[in-house]
Amino acid sequence: MTDRRLLQLDPRDNVLTVIATLEAGETICLAGKQVPVRQRLPLGHKVAACDIPAGAKIIKYGVPIGSATVGIAAGEHVHVHNLKSDHLPTYQRETQASYFDQQ
Amino acid sequence: MKGYLRPDGRKGVRNVLVVAYLVECARHVAHQIAWPFRDRQAHLIGFGGCYPNAYALQMMKRLCTHPNVGGVLLVSLGCESFNRAELAQHVGATGRPVHTVVIQESGGTTKSIAAGRQWVETVLTQLQASPRADLTVRELVVGAICGGSDATSGITANPAIGRAFDLLVEAGATAIFEETGELIGCEQVMAERAARPELRPELIAAVAKAARHYATLGHGSFAPGNAEGGLTTIEEKSMGAYSKSGRSPIMGLIKPGDVPPPGGLYLLDVVPDGEVRFGFANINDTAEIAELIASGSHLILFSTGRGSVVGSAIAPVIKVCANPETYRRMTEDMDVNAGRILEGQATLEEVGQEVFARVLRTAAGERTASETIGHQEFTLTYKTFEPLGPACLPAAGNL
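Chains as they are written, first to last, in the working numbering: chain A, 199 to 301; chain B, 169 to 567.
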């Protein structure tokens, strides 16, 4: 069974939503396997439900929410460092200059 | 519940007097006029631009004759482009008391403030005698918006608002959801819910227009806080935002200031038509709330995960907090704690019912958190819209 702190919103999803903040060093249970949490995962963030190859669609709510920019291992944090929109780039304060350079 | 019966037959859930500046140069005077009466339902609205804009004039006409509004004071500098005579005539034709203070003709700042306050005092006293009439759920128009979203918004508060929307529509009310820029990626799913086949391409086209608009400007409807809260892409944010529309059929597509026919669910398209001219479609949540109100919303359901604090002029805002950690940090700003769903303390159905009940109590006069604290935000920008296409609204005979 899968961890109760991880929410799958649709059976097709390959990411799970963290519904109680997880601290580094804790372990989560993914399809019966224990996986260590490498860094703090705040409430609302996503982890990979399975191994996801680079270029594959990330599925949440049963629909694609973008593509993996690198290979992602099961249990790994899925966010702006490895997931990219298929529509519009995601703006972040830290990368403001490069964001507008790429336009 | 009882509403405030206006001379034009519409019924409001609040008894507001608006003080409206017609150019930024008149805002200080207008603000000074309204400020002493802020706890007596005198609200400041206005348009800051000096150049004419058909959208801004239409918005101000709709806002100044909103069912929650009982009287209107216009504050003009005197030389701006805004057609103050047309607006005053429009308001007067609905039977609402209206008066214009022109600062350049009234002896400057101090005399204008004094004259304005005197008028407001008199009319607020008159409004205390506004007639009351029975108000049914069928007569309510409710808008929904999400702001300060995080990844909990699309799991708890937005679906709970969607459930409340379903209950409102079943009871015969009108429900409006918005922000086509936050529906990018779910347009096909949404179009399946169109009440008429000819509406489907209109819904898809509205989202495609939003995608083009934001691509031209180089920025999606996505703030850094969204990412800090666990949202990674606009598609992901869209799917969460979309869930606040519930499951009812979509009866039509409207633009800001279009008041939909009574009953059913409508999508409000806030993205300007034509070439990109004036900038972002939604510079902030407050601009969208003003558009929902201009389309007749008596009150607004506002879903937030990161923790927005805004309220609004003219219409009460009910804050549904998606994130239990945010709720504990910012309890005074929130009306409903939808984060209980994540902690196993309530079901989605229960929170949906709670939001529905809260709508009815607010319509009956109960103050929301933002009203109690004194929030009365308002923003109005430049935009350009074309008239609705024939497929956007139900045929008159089918209403």
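For glycine and all other residues, C-beta sits at the position ideal for the given N, C-alpha and C.
- Not flagged as an interface residue toward chain A: Pro440/B, since no C-beta distance is shorter than 8 angstroms.
- Distance between Pro262/A and Cys248/A, taken at the CA atoms: about 16 angstroms.
- Per the Cβ contact rule, the stretch 267 to 275 of chain A is in contact with the stretch 227 to 244 of chain A (3 or more Cβ pairs under 8 angstroms).
- Rounded to the nearest whole angstrom, the CA to CA distance from Arg203/A to Leu399/B is 18 angstroms.
- In the displayed model, Gly507/B falls within a helix according to three-state DSSP.
- Its chain contains Val305 and Arg306 as the residues whose beta carbon lies nearer than 8 angstroms to that of Ala339/B, once the 5 sequence neighbours on both sides are disregarded; these appear in chain order.
- 8 angstroms or more divides the Cβ of Ile541/B from the Cβ of Tyr434/B.
- Between Ala319/B and Cys489/B, the gap from beta carbon to beta carbon reaches 8 angstroms or more.
- When the alpha-carbon of Val309/B is set against those of Thr454/B, Val270/B and Val427/B, the nearest one is in Val427/B.
- Annotation: Val444/B to Ser406/B spans about 22 angstroms, alpha carbon to alpha carbon.
- By the beta-carbon neighbour count (other beta carbons within 10 angstroms, threshold 16), Trp203/B is exposed.
- Looking at Ile352/B, Pro220/B and Arg285/B, the one whose alpha-carbon comes closest to that of Ala383/B is Ile352/B.
- Along the stretch 380 to 393 of chain B, the positions whose C-beta sits under 8 angstroms from a C-beta of chain A are Tyr382, Ala383, Gly386, His387, Gly388, Phe390, Ala391 and Pro392, read in chain order.
- Per DSSP, the beta bridge partners of Asp302/B are Lys170/B.
- Interface flag for Leu228/A against chain B is unset, since no Cβ pair is found closer than 8 angstroms.
- For Val527/B, the enclosing alpha helix (DSSP H) starts and ends at Leu516 to Ala531.
- Distance from the CA of Phe448/B to the CA of Lys551/B, rounded to the nearest whole angstrom, comes to 9 angstroms.
- Taking each of Glu273/B, Arg206/B, Thr262/B and Arg178/B in turn and checking the Cα distance to Ala194/B, the smallest one comes out for Glu273/B.
- Just measuring C-alpha positions, the residue of Val485/B, His543/B and Glu545/B sitting nearest Val523/B is Val485/B.
- The closest CA to that of Arg285/B, considering only His258/B, Leu241/B and Gly322/B, is found on Leu241/B.
- Using a Cβ-Cβ cut-off of 7 angstroms, Ala395/B is close to Val278, Thr288 and Gln290 of chain A, given in chain order.
- For the stretch 200 to 246 of chain A, not one full-length alpha helix (DSSP H) segment reaches 4 residues or more.
- For Ala391/B, the three-state secondary structure derived from DSSP is coil.
- If you check the CB distance, Leu207/A and Tyr259/A come in under 8 angstroms.
- Under the Cβ criterion (8 angstroms, minimum of three pairs), the stretch 283 to 300 of chain B counts as touching the stretch 257 to 271 of chain B.
- Distance between Gly464/B and Gly260/B, taken at the CA atoms: about 19 angstroms.
- For Cys354/B, the neighbours in chain A by C-beta distance under 9 angstroms run, in chain order, Tyr259 and Val261.
- Looking at Arg361/B, Ser321/B and Ile271/B, the one whose alpha-carbon comes closest to that of Phe470/B is Ser321/B.
- Around the beta carbon of Arg497/B, fewer than 16 other beta carbons sit within 10 angstroms, so the residue counts as exposed.
- Counting along the chain, the unbroken beta strand (DSSP E) around Thr268/B starts and ends at Val266 to Val270.
- Distances from the alpha-carbon of Pro555/B to those of Gly512/B, Asp302/B, Ile422/B and Glu396/B put Ile422/B closest.
- Residue pairing by DSSP places Lys255/A opposite Ser265/A in a beta bridge.
- Contact between Glu366/B and Leu436/B is ruled out by a C-beta separation of about 19 angstroms, above the 8 angstroms threshold.
- Contact note: Asp501/B does not reach chain A at a C-beta cutoff of 7 angstroms; the least C-beta distance is about 19 angstroms.
- Between Glu459/B and the set Ser476/B, Gly442/B, Phe446/B and Val438/B, the nearest pair of CA atoms involves Val438/B.
- Rounded to whole angstroms, the Cβ separation of Arg182/B and Gln226/B is 22 angstroms, and the two are not in contact under 8 angstroms.
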